[in-house]
Every structure is written in C-alpha cells, then in structure tokens.
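In what follows, a structure is listed as structure tokens, so that the remarks can point back to it.
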C-alpha cells in the first residue's frame, strides 16, 4: 500500500495514495472569517471552490508553517452519506510516496484523535495513517459540507 | 648778559651801534662842510672889498685924468666930466663902508678916506680947476698950471689916499690868508675824522659780525653736533645750552625731544623683550608639539595680540589632543575592524572554495540527473506504450496532452527567458540566489509532479506500477536537487551576507535582485500556471513523457546554469581574495595610522 507521507509537527503521517486526487503547491487561500479554526481557507481548483483544512490545526497544534514543501493535498472526501467532495488538506513537509506493506501496519493501541489510524515502523521512525473517513468531526463536516437540502 | 639777549635784540644792538657811529660821522662832516662854505662866503666878501677898493682907485685915477684933460684943454665939457667922475667916488666909498661894517679898523680907515677925498677935492681939484678957468683961453695956460708949485710938488692928500687904499687892501689880503689857513686845517681835520670814523666803523662791523656769528653759530653747531651724535646712535647725547635766546630754547626743546625719544625707545625695547619672551615660550611649546609632544601647556594669555595667539594655540592644542585621541581610538578600532574583516574575508574565501566544490558536486549531480532523465526517458517510452492502451481516459488525456505540450512549450520558452536573464545576471554573485530560487521552484514543481505522477500511477493500478517507480525516482532526484540547492542556498546566503558586509554598491545589486525576483516570481507564476496545467494533465503518461523530456532539457539547462554558477563562484572566490588583499592593505594602513598617531604624546 502506498502512502503519501507528510508531517504534522515532527511526526510523520500517511494518507492512502488511493484517496489522493492530486498534490498542489501552496497557494493563496481565500480566508473564511468566522469559520472553525481548522479551516485554512478556500482554494480555487479549476474554478471550483474547495475548502482547505489545516491538518496541523486539526491535530491541535500550531498552524502549518508555509515552507516550500508545505502542500495542499486534494483528497476525495466521502461523507457518511456517501457524497463525494474534493477537500484540500494543508500538510507540512510533504515527503513523498512511501510503500508500506500491509504486514507492517499495526494498531497504535492508543486512543487519540479519531482520524489517527494504524502505524507502521520503518528505519526513519513511525508513520501513522490518517483515516479520511474520520478526519472531520461532525460539526466541522456539517460546516464544510452541509447536507444537501431535501 | 649779551648771551641772554634774543637774536633779534643782538642784531638790533649790533647794527644800531654801526648806524650810530655813521650818524656821528655824518654830523661831524656836515658841520665841517658848513664851516667850509662859510669860509668861502668870507673869501668872496674879501674879494668884493678888494674889487671895490680897486674901483675907488680907478675912479680917483679917472678924476685925475679928466682934471688933467681939462687943464690941458680948458674945455668945459671936460670940467663937466670931472664933476660926474667925482660923483662916483663917494658911492664907492659908501659901498666899502657897508661891506666892512663888521671891521671897525676898516670902518675908521674908510671914514678917513672919505674925509681925505673930500679934502683932496676941495684943496686940490677945485682950486686948480678955478685957476684954469681964470686963465681961460690965455696962451700957455696949461703950461702955467703945470708950472704951478702945487702941481710940481704933487698933492700930499692924494698920496695919503692911495696909501689908505693900499693899507685897506693889505688888511683884506691878510684876512684872506688867515682864512685860507684855517680852511686848510679844517679840511685836514675832516679827512682825519672821516678816515678814523670809517676805520672804526669797519672794525666795529667786523667785531659785531664775529660776535653775532659766534652767538648764532655756536648753539647751532652744538645742536648739529648733538643731532649727529644721536644719528650715530648715541642716545644719551644732549645739546649744551649756551644761551637763553631762541636757539637756547630750541636746544632745550631738542633735549626734551631726545629724552622722550630715548624714553620711548627704552619702553619699546622693554615691550619687545616681553613680546620676545612670550613668543619664545609659545615657540617652545609649538616646537614640542611639532616634534609630536602635545603635552605642553600654553601659559600665555591675555587680551593683546600675543595673548589671543596664546589662547588660540591653547584651544588648537586642546582640539589637536582631542583629535589625536580620537584618531588613536579610531586607529585601534580600524585595526580591530580590519582584523575582523580579514578573518571574515578568509572565512568567506574558505566558504567560497567550499561552495565551488559544492558547485562541482552539484554539477556532477545534475549531470547524473540528466543521465537519469535520459534513462528515465527510455523507461517512459516503454511506459507510454503500456499506458497508451491501459488508460481509460486516453482520449481526454490526448487533448490534455496537447494543451500540456503547449504549456510546456510555454514553460520552455519561459525557462529560456529565465536562462537568458540568469545568463545576464550570472556575472553577479547576488544573482545566484535567483537562479537557486528558480532551481528550487523547478525541483519543487518536479516534486509535486512526481507526487501527482505517483498518485496517477497508483490509480492506474498494476499498469502504472512501472511508472510509479519512475515517479519515485524523479521525486528522489528532485529531493536531492532541493537538498543540494538548499545547501547552496545556505552557503550563498552566508556568502551574500559576508559579501554584502564588505562589498560596496551591493544596494544597487539588491535592487536588481529584487527586480529579478519580481521577474522570477512572474515566471514562477507562469510556471505555476503551467504546472497547474501539467497537474491537470498528469494522468497521461505521454504528458509525463513529455514532462520527462522537458525535465531532461531542464536538467541540461540546470547543468549549464550550474557551470555558470561555478564560474561565478570562481569569480567570487577571486574577488574575495582581492578583498582579502585589500583588507590586508587596510590592516597595514591601520597599523601605520596607529604608529603615526602613537608618535604624538597627548596625555597632559
């Protein structure tokens, strides 16, 4: 399984490559006043407005620093209702694609943030999976993707 | 006493004496002339008396002549003539009496003469005339008369008359002789008086002249002598005051003037000595200052010119001391700074060399990238062949490919323009940053591209596995490039900061850099747009292939750029060596400055 590896703070996390639509360089985001803290802003993806979540902020840390390798990872976010939305994730130090065998994955065993998944150890340390499904708390999800009106 | 008189009085006195003698002489001469003219009058008077006596004599003879004529002729006319002739005689006698009225003897004599004349007329002439008349025309009448006794014997009266006349004449002649003698004596005495007076006048004149000349010339000579002595430098020389006249006053005033001149000169000498001593004091301090010792204090103050000079010098010395202190401090500071700069320059030089080595490494890495890209291209061609028929969105990708191709062309041209700008900027060390930024951006974009390629490959599933490897390789190379570039960037930043500290005119460059950065940003935006397009077109392998080809070209350009960078780095190292040399010279100069300033002692 291939993971797109990035950092939140000093730690490495991975996104399943299959869920990633594309990786974009850091660009100017339109600020959204009064939006939840984790929302970094709104980006323009070929004319479509796509909300961008700061993963570092979501993890409870300081906002992502704007390094040259700070990227916006566009993922295909599926709501529990089954709707598909493009969602930008602001990630620091996007290291690249790493191949992780399923055998190497193991449960972390610690209950932390709900979107943190399994971990895999390698020579450089530990990579923890990010579970997209669990990424957005319900309130945030509701704020970003309000359920379609009947 | 004569000395006390004024020159005017002396002159009056002398010439008055001469004039008075001349006047006396004139008076004497005038008296003598008067007496001489009186004597002449008397001579003339005597001559008149003698003439009248002669005329009386002649009249008597006329009477006798006429009487004898009558005697002879008996003519009556003759008798009348006797009468007329006889009438003249008493008048002449009367005249004689008048003339000799001052001489009683002559008066008596002429009185007697008159009596005798009348007696002669009465006793002699009248009787005989009467007798002749009686005779009348008788013959021998004249003879009878002549034969008369009386006639024969002559008349005693007439003899007496002649005798009286002769006596009177003798008397007058005697008087005349006496007067002539006295006149001669008078003339002689006058000659004597005039000669003697003239002589006295001359002697007196000479004497007065001598005395006056003495009275005037002696003080003048005295004064002239004193003036000459003063002129010869004898300041104490004074004129001797001989007299109390104007020249004496002049001498007194002259002495006073000489005294005041001497006093003034003494005062001036004292002032000059004081000034000289002050100037010597100042000169001593100034000489010490000239030899570097500025510790001397100016003690000369005051409001006069030398005092002001002293004040000015003191102020100047204070300023000089402060200045030299500052210069000494500045020299030490300059030396310290130069040492620091030298150390910094050495460090920079080392950094530059290191950077040059790194550039070589980067170059080799870039070459590796280039070769890798070539290899990749081959792989890509294979992958393209696989991808062509495995990708479901081939047709869409085809159109995207075309757009991407165009975009890449744009990118190439943009890169060309960057290259052109970079080549233009490559001679300047600061421009390296822009190049590095460009490299970083390209690497960044490559990174993103590779990520997206990997994503697409993943989505392609099994068919994309080969491409996934390629994408991983590209990403690795891009990462390597980024890391190297980052290293270079760090070195460049150090070098730039060091260079900017030591190289003047950096501002100009930085402005150009800013401008270049702006241009690069513009290019970056263009590239971003291009990459956006590329990202959109990413799923297509052909696009990737094209991208790889572009990457190969880009790598080649990077190689060129890096070679230029290398050259620039070499130039930078050379310029840093030159800077180091200049800093050494600066150090020497600072040392010289310190040594020069150290020769001045400024501590007071």
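Residue numbers (this note's numbering), protein chains in the order written: chain A, 69 to 218; chain B, 178 to 781.
Every residue, glycine too, gets a C-beta built ideally from N, C-alpha and C.
DSSP state of residue i, grouped into three classes?
i, result
"residue 177 (chain A)", "coil"
"residue 70 (chain A)", "strand"
"residue 457 (chain B)", "helix"
"residue 474 (chain B)", "coil"
"residue 29 (chain A)", "Since the first residue of chain A shown is 69 and the last is 218, residue 29 (chain A) is not available in this structure."
"residue 197 (chain B)", "helix"
"residue 98 (chain A)", "strand"
"residue 184 (chain B)", "helix"
"residue 185 (chain A)", "strand"
"residue 418 (chain B)", "coil"
"residue 371 (chain B)", "helix"
"residue 204 (chain A)", "coil"
"residue 733 (chain B)", "helix"
"residue 196 (chain A)", "strand"
"residue 287 (chain B)", "helix"
"residue 771 (chain B)", "helix"
"residue 328 (chain B)", "helix"
"residue 545 (chain B)", "helix"
"residue 313 (chain B)", "coil"
"residue 409 (chain B)", "coil"
"residue 323 (chain B)", "helix"
"residue 343 (chain B)", "helix"
"residue 333 (chain B)", "helix"
"residue 78 (chain A)", "coil"
"residue 277 (chain B)", "coil"
"residue 402 (chain B)", "helix"
Do the CB positions of residue i and residue j come within less than 8 Å of each other?
i, j, result
"residue 190 (chain A)", "residue 161 (chain A)", "no"
"residue 540 (chain B)", "residue 739 (chain B)", "yes"
"residue 283 (chain B)", "residue 262 (chain B)", "no"
"residue 415 (chain B)", "residue 441 (chain B)", "no"
"residue 778 (chain B)", "residue 472 (chain B)", "yes"
"residue 198 (chain B)", "residue 381 (chain B)", "yes"
"residue 792 (chain B)", "residue 297 (chain B)", "The shown model of chain B, from 178 to 781, leaves out residue 792 (chain B), and the question about it has no answer."
"residue 484 (chain B)", "residue 475 (chain B)", "no"
"residue 389 (chain B)", "residue 188 (chain B)", "yes"
"residue 159 (chain A)", "residue 141 (chain A)", "yes"
"residue 526 (chain B)", "residue 754 (chain B)", "yes"
"residue 314 (chain B)", "residue 251 (chain B)", "yes"
"residue 129 (chain A)", "residue 198 (chain A)", "no"
"residue 195 (chain A)", "residue 71 (chain A)", "yes"
"residue 515 (chain B)", "residue 763 (chain B)", "yes"
Going by C-alpha distance, which of the options is nearest residue i?
i, options, result
"residue 69 (chain A)", "A:98, A:157, A:187", "A:187"
"residue 396 (chain B)", "B:386, B:408, B:424", "B:424"
"residue 232 (chain B)", "B:211, B:376, B:265", "B:265"
"residue 723 (chain B)", "B:553, B:253, B:755", "B:553"
"residue 145 (chain A)", "A:208, A:201, A:84", "A:201"
"residue 121 (chain A)", "A:204, A:214, A:198, A:215", "A:204"
"residue 106 (chain A)", "A:96, A:92, A:215, A:157", "A:157"
"residue 727 (chain B)", "B:469, B:235, B:292, B:651", "B:651"
"residue 386 (chain B)", "B:191, B:408, B:464, B:401", "B:191"
"residue 621 (chain B)", "B:660, B:319, B:435, B:721", "B:660"
"residue 782 (chain B)", "B:359, B:519, B:536, B:649", "Limits of chain B in this structure are 178 at one end and 781 at the other, which puts residue 782 (chain B) out of reach."
"residue 94 (chain A)", "A:100, A:133, A:117", "A:133"
"residue 737 (chain B)", "B:542, B:311, B:185", "B:542"
"residue 400 (chain B)", "B:434, B:373, B:384, B:374", "B:434"
"residue 96 (chain A)", "A:119, A:102, A:103", "A:119"
"residue 612 (chain B)", "B:323, B:666, B:640", "B:666"
Name, in chain order, the residues that DSSP records as bridge partners for residue i.
i, result
"residue 364 (chain B)", "Note: residue 364 (chain B) sits in no beta bridge, so no partner."
"residue 153 (chain A)", "A:145"
"residue 83 (chain A)", "A:72"
"residue 109 (chain A)", "A:120"
"residue 140 (chain A)", "A:92, A:158"
"residue 164 (chain A)", "A:73"
"residue 778 (chain B)", "B:470"
"residue 616 (chain B)", "DSSP lists no partner for residue 616 (chain B)."
Give a yes or no on whether the minimum CB-CB distance between residue i and chain E is below 8 Å.
i, result
"residue 530 (chain B)", "Here the protein chains are A and B, and chain E is not one of them."
Return yes when the C-beta of residue i is under 7 Å from any heavy atom of the ligand FAD, and no when it is not.
i, result
"residue 499 (chain B)", "With respect to small molecules bound, the structure shown includes none, and the ligand FAD cannot be examined in it."
Looking at chain B, which residues of the segment 120-139 of chain A have a Cβ within less than 8 Å of any of its Cβ atoms?
136, 137, 139
Using a Cβ-Cβ cutoff of 9 Å, what residues of the segment 492-518 of chain B are near chain A? List them in chain order.
none
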